[in-house]
Structures are given as C-alpha cells and as structure tokens.
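So the sequence lines, in the order shown, correspond to chains A and B.
Reminder that position 253 of the first sequence reads as 354 in our numbering, one-by-one numbering, no gaps.
Reminder that position 96 of the second sequence reads as 103 in our numbering, one-by-one numbering, no gaps.
One structure is given here, and the rest of the page talks about it.
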Amino acid sequence: MPTEVDTQALLAMPDALGHFGPYGGRFASETLVSALEDLTELYEKLWQSPEFQQAFDKDLAHYVGRPSPLYHAERLSRELGGAQIYLKREDLNHTGAHKVNNTIGQALLAKYMGKPRVIAETGAGQHGVASATVAARLGLECVVYMGSEDVRRQALNVYRMKLLGAKVVAVESGTKTLKDAMNEAMRDWVTNVDNTFYIIGTAAGPHPYPKLVRDFQCVIGREARAQCLEQAGKLPDALIACVGGGSNAIGLFHPFIPDTEVKMIGVEAGGYGVETGQHAAPLCAGRPGVLHGNRTYLMEDEAGQIAGTHSVSAGLDYPGVGPEHSWLKDCGRAEYVAINDDEALDAFRTLTKVEGIMPALESSHAIAQAIKLAPTMSTDQVLLVNLSGRGDKDIHTVAEIDGIEV
Amino acid sequence: MSRIQQCLQSLKQQGRKALIPYVTAGDPEPGVTVGLMHAMVEAGADIIELGIPFSDPMADGPVIQLACERALVHGTRLVDVLEMVKTFRQQDNQTPVVLMGYLNPIEAIGYDNFLAQASEAGVDGVLTVDLPPEEADSFCEGLKAKGMDAIFLIAPTTTDERIKRICAAGSGYVYYVSVKGVTGSSALDVDAVASNVDRIRQYTSLPVGVGFGIRDAESAAAVAKVADGAIVGSVLVNKIAELQQQSDQIPAAVAEILASMRSAMDQ
Numbered sequence: 102m103p104t105e106v107d108t109q110a111l112l113a114m115p116d117a118l119g120h121f122g123p124y125g126g127r128f129a130s131e132t133l134v135s136a137l138e139d140l141t142e143l144y145e146k147l148w149q150s151p152e153f154q155q156a157f158d159k160d161l162a163h164y165v166g167r168p169s170p171l172y173h174a175e176r177l178s179r180e181l182g183g184a185q186i187y188l189k190r191e192d193l194n195h196t197g198a199h200k201v202n203n204t205i206g207q208a209l210l211a212k213y214m215g216k217p218r219v220i221a222e223t224g225a226g227q228h229g230v231a232s233a234t235v236a237a238r239l240g241l242e243c244v245v246y247m248g249s250e251d252v253r254r255q256a257l258n259v260y261r262m263k264l265l266g267a268k269v270v271a272v273e274s275g276t277k278t279l280k281d282a283m284n285e286a287m288r289d290w291v292t293n294v295d296n297t298f299y300i301i302g303t304a305a306g307p308h309p310y311p312k313l314v315r316d317f318q319c320v321i322g323r324e325a326r327a328q329c330l331e332q333a334g335k336l337p338d339a340l341i342a343c344v345g346g347g348s349n350a351i352g353l354f355h356p357f358i359p360d361t362e363v364k365m366i367g368v369e370a371g372g373y374g375v376e377t378g379q380h381a382a383p384l385c386a387g388r389p390g391v392l393h394g395n396r397t398y399l400m401e402d403e404a405g406q407i408a409g410t411h412s413v414s415a416g417l418d419y420p421g422v423g424p425e426h427s428w429l430k431d432c433g434r435a436e437y438v439a440i441n442d443d444e445a446l447d448a449f450r451t452l453t454k455v456e457g458i459m460p461a462l463e464s465s466h467a468i469a470q471a472i473k474l475a476p477t478m479s480t481d482q483v484l485l486v487n488l489s490g491r492g493d494k495d496i497h498t499v500a501e502i503d504g505i506e507v
Numbered sequence: 008m009s010r011i012q013q014c015l016q017s018l019k020q021q022g023r024k025a026l027i028p029y030v031t032a033g034d035p036e037p038g039v040t041v042g043l044m045h046a047m048v049e050a051g052a053d054i055i056e057l058g059i060p061f062s063d064p065m066a067d068g069p070v071i072q073l074a075c076e077r078a079l080v081h082g083t084r085l086v087d088v089l090e091m092v093k094t095f096r097q098q099d100n101q102t103p104v105v106l107m108g109y110l111n112p113i114e115a116i117g118y119d120n121f122l123a124q125a126s127e128a129g130v131d132g133v134l135t136v137d138l139p140p141e142e143a144d145s146f147c148e149g150l151k152a153k154g155m156d157a158i159f160l161i162a163p164t165t166t167d168e169r170i171k172r173i174c175a176a177g178s179g180y181v182y183y184v185s186v187k188g189v190t191g192s193s194a195l196d197v198d199a200v201a202s203n204v205d206r207i208r209q210y211t212s213l214p215v216g217v218g219f220g221i222r223d224a225e226s227a228a229a230v231a232k233v234a235d236g237a238i239v240g241s242v243l244v245n246k247i248a249e250l251q252q253q254s255d256q257i258p259a260a261v262a263e264i265l266a267s268m269r270s271a272m273d274q
C-alpha cells in the first residue's frame with residue numbers, strides 16, 4: 102500500500118503536460134495542439150473560478166438531480182451473507198447514467214469558448230445521449246459518432262439522440278465499435294477545429310481531457326464518501342466500479358485516494374474470458390502503448406496494431422483505458438479485475454429480481470464483482486458499488502440472448 | 008550531412024523543388040512496395056515517404072485508412088517495412104526514405120530496437136504523426152545519434168511560438184499541413200499556403216515541404232513555387248486502390264502521375 106507521501110503525489114497529478122507517471126500526455130496531431138492548449142488554459146482558469154463552479158453545481162442540482170442517492174441494498178446483502186452493499190445511484194441521474202456529469206461540464210466550457218458545434222463519440226450511447234441532451238439545452242449543433250455495430254446493439258439510444266436533435270453518424274471503419282467512433286470524431290475535430298468542441302466521454306484522450314473529465318466526475322466520489330460516513334458510520338472497506346475508459350471509476354475513486362484503508366477495485370470487461378483473448382480488459386491483460394492521444398494500457402498485437410475487443414456491453418468494448426487508471430494500477434493504489442459476459446448477465450438479472458433495480462450491462466460488471474466479494478467479507482464490512490447507469494437500454498440485448506423478440 | 012539534407016541542398020543549388028510521394032508500405036500487398044519505390048524514383052521522386060500501416064490512423068482520411076487495412080490484411084508489420092527499405096537500398100543508395108506513421112508500432116518494438124534496425128535498413132528520417140515535440144526529446148536524440156532526421160508537422164493552427172519549438176526539435180525538413188483536416192481533404196488554397204510558408208521561414212532555415220490537398224500536376228507546380236517541396240499521397244494511394252486487382256500495373260500508373268507533376272514543377 103502506498104505511503105502518505107505517495108497519495109499526495111497521486112492527488113497532484115497530472116503534471117502540466119498531462120502526465121500520470123509515465124502515462125497520459127498529449128499525443129495528438131499538430132492541427133489539434135493549439136486547440137488543446139487553449140482548452141487547457143481556459144479550463145484551468147474556469148475550474149478555479151467561483152462563477153463556473155456555481156454554474157456547474159447549479160446544473161448538477163437542478164438539471165441532473167444531484168446528489169444521487171447512496172442506497173443500502175439490504176436484501177442483496179442479506180442473501181449474499183457478507184459485506185453490506187451500498188449502491189451509488191448514478192442510474193437515477195437525468196439521462197440515466199453518470200455520463201451527464203461530464204457533458205454538463207464540457208458544455209459549459211464549449212459555451213465559454215463560443216463554439217456553436219459539439220461532437221462526441223459513443224459506445225453504449227449513454228455519452229451520446231448525454232451530449233445530445235446538453236446540446237439541445239444550449240441550442241448547439243451536435244454530431245455523434247457511433248460504431249455501426251453499436252448502432253445495431255443500441256437502437257433505442259440512437260433514436261433518443263435523434264429525437265434530441267443530434268445527427269448520429271454510423272462508423273463503418275475498423276471494428277465498427279467505440280475505438281473507431283473515437284477515430285472518426287478526431288477526424289471531424291481536426292477538420293472543424295475552429296467552430297467545434299469535442300466532448301470526450303471518458304477520462305482518456307489527449308491532455309487536458311483525462312483531467313477535466315475526472316474533475317467533473319469526482320462529484321460521484323465526494324458525495325459517496327459523505328453519504329457513506331453518514332449512513333454506515335464509517336468509510337467503505339472497498340469501492341467497486343466498472344472500467345471501460347474508466348470515467349465513472351475515476352470519479353468514484355479519486356476523492357478516496359488519501360483514504361488508504363479503502364480498497365479500490367476496477368472491473369474490466371472479461372468478455373468470453375480473459376484467457377480466450379476475446380475481451381476488453383487492457384489493464385488485466387494488455388501492455389502500455391499510445392492510442393487516441395495518450396499513453397496507457399492497450400490491447401494490441403505483437404506489432405503494435407490495436408486488437409479487436411469483445412464485450413456484451415458496448416460501453417466497455419474499448420481497447421484502451423484512461424491513463425490515470427494505468428498509473429493507479431502500476432503504483433498499486435487500485436486493483437483491476439475482469440468479469441466475464443455471463444457473470445455480468447447473471448448480475449443484471451440478480452439485481453433486477455432482488456432489489457428491483459435494473460443496472461446497465463456496464464454497471465452489471467461492478468455488481469458481479471460485488472456479488473463475488475461480499476460473501477468473503479464480514480457483515481460489518483461495507484462495499485460501495487458505483488451503479489453507473491440504468492439498464493433500460495440493454496433490454497434488447499438481454500432479450501436477444503434469451504431468444505425473445507421484444 | 009544526412010541524405011535528406013544533401014538531397015534538398017543539391018536541389019536548391021539547381022533551383023529545383025523536391026517531389027515527395029507517399030505510399031503505404033505493403034499496399035495492396037507487400038510484394039509491390041519495393042518495385043513501386045524504384046518506379047517512383049525513376050519518375051522523378053526526390054524523397055520517398057513510406058507509410059507504416061496502423062490499425063487506427065486517426066489523422067488520415069478514408070483513402071489512407073483503406074490502404075492501411077489492405078496492408079494489414081497481409082500482416083505488414085513495422086519490421087517488414089524496415090525489410091522493404093533494406094531491399095530498396097540494395098539498388099538505390101541515394102534516394103532518402105522517410106518512414107511516416109503513428110507511434111504505437113514503434114513503441115511496440117521498442118525505441119532502441121527501432122532506431123538500431125531503422126538505421127541499419129537505411130532509413131533517413133522518421134515522421135510520427137502523433138508524437139509532438141513535447142514528448143519527443145529522447146526519440147529525437149536517438150534519431151540524431153543514428154544520423155536520421157526527425158520530421159515534424161506544422162499545421163495552419165500552429166502558433167508562432169510552437170513553430171519555433173518544432174523547428175528547433177526537427178531536422179531535414181518540416182512538413183507543412185496545408186489544410187485543417189485529414190489526408191485527402193479538399194483542395195488547398197495556394198495563397199494561404201504561401202503566407203504560412205513565409206511565416207514558418209521567419210523562424211527556420213529548414214526546407215519546408217507542403218502536403219495535404221495536392222492532387223494533380225497543376226497543384227504540385229503551384230505549391231512548388233512557394234515551398235521547397237510538394238508532398239503527394241492520397242492521389243497516388245487512390246490509384247493503387249483502383250489497381251489492387253492488377254497490382255503489376257501499379258508502378259507504371261503511379262509513375263505516370265508523378266512524371267506529370269515532375270515536369271510541371273520543373274517548368
């Protein structure tokens with residue numbers, strides 16, 4: 102476990118060029134560098150300003166509906182017979198996931214920068230919906246890039262985005278999933294950099310995105326820490342969150358970094374099993390490389406080509422991960438595990454039946470880890486799980502697996 | 008003096024401009040590339056930019072994305088690209104070869120390993136699209152130590168302060184990206200290119216090559232008037248795509264395009 106000095110250093114990251122230890126940075130095309138520099142400068146200034154903080158907090162309270170509850174899942178805890186499971190209910194946010202915390206923040210930045218057009222990439226569609234939502238509210242043109250495979254898997258969210266006035270572009274290149282959507286969004290941005298703000302959906306990409314997305318999402322961890330102290334009378338013994346790019350996880354983890362007695366467990370998508378190679382678990386089974394503007398753990402072949410990924414959940418189906426997670430892994434402050442498709446599906450069903458809460462398939466990975474871990478712990482211990490999104494969008498996927506036409 | 012510097016200096020003495028074609032190594036199949044490189048030199052190419060195929064070419068338009076996909080179908084790895092340069096060097100010890108691509112394939116084989124192998128193969132310069140000078144200190148030193156040039160991009164959005172930094176980090180030449188966009192974007196605006204090339208020249212004596220948006224003899228000649236070199240990629244790669252089923256015709260067809268550019272530039 103890191104010493105006190107280490108955690109202070111962790112809290113101060115990233116450095117001025119966006120580094121988390123050897124990870125992060127700004128590995129971007131030259132055309133984008135001045136836009137990234139401008140964004141960094143503006144962000145650092147605004148984030149310190151009381152007016153910006155007030156505007157952000159006001160939107161989180163009255164538009165998103167924060168604070169989100171911390172819910173003691175008593176029946177689930179009792180049935181598992183171990184640790185008390187508390188769920189941070191990000192699924193109850195407006196638009197149904199944690200993603201909106203970040204899009205509210207970035208939309209405010211776009212407004213300050215006077216950009217009339219926003220673009221976004223999306224996997225499960227939650228970030229696309231959250232981006233289309235804030236764009237609708239501010240009257241901004243919005244284009245969302247989505248892999249054509251995900252357009253098929255997430256038809257409901259595609260239609261939601263269209264109703265919100267966004268244009269959804271189905272990306273046919275590469276593996277037709279989230280990484281290709283991000284490539285295409287980068288290409289759009291490089292072409293329209295003068296009038297366009299790129300709302301990146303996860304705590305990855307070139308500096309300053311991993312930092313600003315984390316800062317916007319840290320509201321999750323700050324609230325959860327206070328709520329847990331109030332309800333359980335102590336800090337949690339462990340935090341659990343799913344990790345695709347890792348924005349909900351970093352938002353939960355970061356405020357707990359100095360609390361070294363609190364374990365942090367990130368759950369990657371094990372797909373058909375890490376041993377099969379058909380997964381999306383770069384921290385568990387990848388190695389460091391450079392993609393999408395940052396150095397981080399990646400899934401790649403021997404020659405450095407990015408590998409295809411598989412997960413039942415579109416939002417975790419990504420070969421990279423936010424650079425801060427790479428560093429938290431290397432320095433040992435957080436640990437990362439993988440949950441397979443079938444375990445996540447079981448958790449989806451269990452939480453729905455036992456607590457009447459239908460989790461997103463992404464969040465079901467975190468629930469599955471909690472279901473594994475709780476019985477090994479005592480009844481006075483606390484597991485705090487980030488329920489990052491609701492599962493309505495996944496009903497078609499689950500029904501298809503059950504062989505039922507909805 | 009590096010092969011690139013010698014080449015550009017001798018062109019300057021002759022009052023001529025550099026014609027710099029780009030092709031993706033291994034496109035449409037690995038067997039084509041070395042012959043194509045020789046054909047391009049015969050047609051008047053001064054420097055060859057050889058693309059390292061990458062699965063996620065974020066800065067490239069659809070034409071070069073597809074070229075990467077074709078090359079990767081045949082499993083063209085960075086080490087195979089280096090092997091092609093080595094084979095090319097058996098017959099041509101004069102024409103500079105610049106590897107152009109993304110950082111991750113280089114990271115994957117390791118910087119020291121790459122530098123040693125590239126230098127041994129006869130590579131003269133390296134341009135990594137997603138490696139800005141801020142992150143490139145040790146890589147640039149490594150290239151320099153092996154006598155290779157670090158080529159950097161300058162964009163229309165690059166500030167004067169960054170131009171200084173980029174030119175200080177780079178050597179050989181700088182590559183001015185003529186339009187905001189990906190490779191194969193819309194036609195360039197020669198007046199805007201001219202004024203930006205002048206802006207760059209305030210800060211450096213490095214030759215300035217201009218690429219993105221050169222699609223025919225006319226635009227190559229127009230760029231040659233205002234810059235030190237014309238870099239042409241997507242129009243050649245498009246021709247390669249057209250002829251992917253008749254790959255034996257590719258060298259001659261690409262050479263024909265380059266020859267027309269060469270003669271327009273030399274007029």
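By construction, the Cβ of each residue, glycine as well, lies at the ideal position given by its N, Cα and C atoms.
- Of the residues Ala32/B, Ala52/B, Lys246/B and Glu76/B, the one whose Cα lies closest to the Cα of Glu90/B is Ala32/B.
- Taking Ala50/B as the centre and dropping the five residues before and after it, the same chain places the C-beta of Ala262, Leu265 and Ala266 closer than 6 Å to its C-beta, in chain order.
- Within the segment 223-271 of chain A, the complete alpha helix (DSSP H) runs of at least 4 residues fall at 227-239, 249-254 and 256-264.
- For the segment 368-456 of chain A, the continuous beta strand (DSSP E) assignments of 3+ residues that do not extend past its boundaries occur at 388-392, 394-399 and 436-441, in sequence order.
- Within the segment 178-202 of chain B, Val184, Lys187, Gly188, Val189 and Ser192 place their CB atoms closer than 8 Å to a CB of chain A, listed in sequence order.
- Using a CB distance cut-off of 8 Å, Asn202/A does not count as an interface residue toward chain B.
- Contact annotation: Pro140/B and Ile173/B have beta-carbon atoms nearer than 8 Å.
- Any Cβ of chain A closer than 8 Å to the Cβ of Arg84/B would place that residue at the interface, and such an atom is present.
- Apart from the 5 residues on each side of it in sequence, Ala267/A sits with its Cβ closer than 6 Å to the Cβ of Ala233, Cys243 and Val245 in its chain, given in chain order.
- A distance of 8 Å or more separates the beta carbons of Met155/B and Val189/B.
- The three-state reading of DSSP puts Val186/B in coil, since its state is none of H, G, I, E or B.
- Rounded to whole angstroms, the separation of the alpha carbons of Thr377/A and Val92/B is 36 Å.
- Shown here for Val48/B: same chain residues with a beta carbon closer than 8 Å to its own, the five before and five after excluded, namely Ile55, Asp99 and Thr102 in chain order.
- Under the 8 Å criterion on CB atoms, Ile407/A is classed as interfacial with respect to chain B.
- By the C-beta density criterion, Leu264/A is exposed, having fewer than 16 other C-beta atoms within 10 angstroms.
- When secondary structure is reduced to three states using DSSP, Tyr187/A falls in the strand class.
- Taken in chain order, the members of the segment 112-134 of chain A whose beta-carbon sits within less than 7 Å of a beta-carbon on chain B are Leu118, Gly126, Arg127, Phe128, Ala129, Ser130, Glu131, Thr132 and Val134.
- Of Glu168/B, Thr164/B and Ser193/B, the smallest CA-CA separation from Tyr183/B is found for Thr164/B.
- Taking Met44/B as the centre and dropping the five residues before and after it, the same chain places the C-beta of Ile55 and Phe95 closer than 6 Å to its C-beta, in chain order.
- Interface residue (Cβ-Cβ distance to chain B less than 8 Å): Lys277/A is not classified as such.
- Counting along the chain, His497/A sits inside the alpha helix (DSSP H) bounded by residues Ile496 to Ile502.
- Its chain contains Ser267, Met268 and Ala271 as the residues whose beta carbon lies nearer than 6 Å to that of Ala224/B, once the 5 sequence neighbours on both sides are disregarded; these appear in chain order.
- Secondary structure of Thr196/A (DSSP, three-state): coil.
- At a cut-off of 8 Å between C-beta atoms, Leu138/B counts as an interface residue with respect to chain A.
- The segment 276-283 of chain A makes no contact with the segment 352-370 of chain A, as fewer than three CB pairs between them are under 8 Å.
- Val217/B is positioned such that its CB atom lies closer than 8 Å to that of Ala234/B.
- Going by C-alpha positions, Arg261/A is about 52 Å away from Gly42/B.
- Cβ proximity to chain A below 8 Å picks out nothing from the segment 36-52 of chain B.
- Per DSSP, reduced to three states, the secondary structure at Asn284/A is helical.
- Against chain B, the CB of Asn296/A has no partner CB under 8 Å away; the residue lies outside that interface.
- Counting only runs of 4 or more residues that sit fully inside the segment 197-224 of chain B, the alpha helix (DSSP H) segments are 197-208, in chain order.
- The residue among Gly177/B, Val88/B, Asp255/B and Ala66/B with its C-alpha nearest the C-alpha of Glu127/B is Val88/B.
- Shown here, Arg167/A sits in coil according to DSSP, grouped into three states, outside any helix or strand.
- Closer than 8 Å to the CB of Thr223/A there is not a single CB belonging to chain B.
- The C-beta distance from Ile27/B to Asp53/B rounds to 6 Å, short enough to meet the 8 Å contact threshold.
- In this structure, the CA atom of Ala211/A is about 32 Å from the CA atom of Leu384/A.
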